[in-house]
Amino acid sequence: MSFKYSLIQNCLLAAMPDNVREQLQPHLELLHLPLGKVLYEPSSVGSYAYFPIDSIVALVYVMENGAPAEISMVGNEGMIGISMFMGGVCPPHQAVVGSAGYAYRLSKQQLRLEFDQHGEVLQLLEPLAKVPAENDRISPIAMT
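Offset between the sequence shown (1-based) and this note's numbering: plus 70.
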């Protein structure tokens, strides 16, 4: 028996109006994220947003001495990559898959188009994106 993944398995995608989610669906790519895959490097601007389904992504800050410090984890309640759409700030941390699984991936250009066409998408994400980076762990959107 195979398990079928659905957009509504990610809480942010599920919270979007049906018409917006239907318009996004052809642009969302379901990917398997293997353990340890790096989605973003520190201070780099990514090209995609990731909406985890059953994977977990760890946000890791690399200290000056090279030691890693996990600062947050994001699962199906959130999204990885919001900062590149909400002002283009490069995160000072790395996003690494901490638990293998699946996620939907959406290009930066397509998400920007949705922001421009559907104010409700921006309204859904904007308040969460304003949470300071120090408080990532309480925000459903990690500031990556």
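Note that the Cβ used here is the ideal one computed from N, Cα and C, for glycine as well. Being a predicted model, the structure only gives us computed values, none of them experimental.
- DSSP places Leu109 in the strand class (E or B) of the three-state scheme.
- Considering only Ser113, Val115, Glu147 and Tyr172, the residue with the shortest C-alpha distance to Lys107 is Tyr172.
- Cβ contact annotation for Ile78 (same chain, cutoff 7 Å, sequence separation greater than five): Ala84, in chain order.
- The beta-carbon distance between Gly168 and Ile123, rounded to whole angstroms, is 15 Å. This is too long to meet the 8 Å contact definition.
- Judged by DSSP secondary structure, Glu147 falls outside any beta strand (DSSP E); it is assigned neither H nor E.
- Between Ala165 and Leu109, the C-beta gap is smaller than 8 Å, which places the two residues in contact.
- In this structure, DSSP gives Val90 a helical state, which the three-state scheme calls helix.
- Here Pro96 carries a helix assignment [DSSP, helix/strand/coil].
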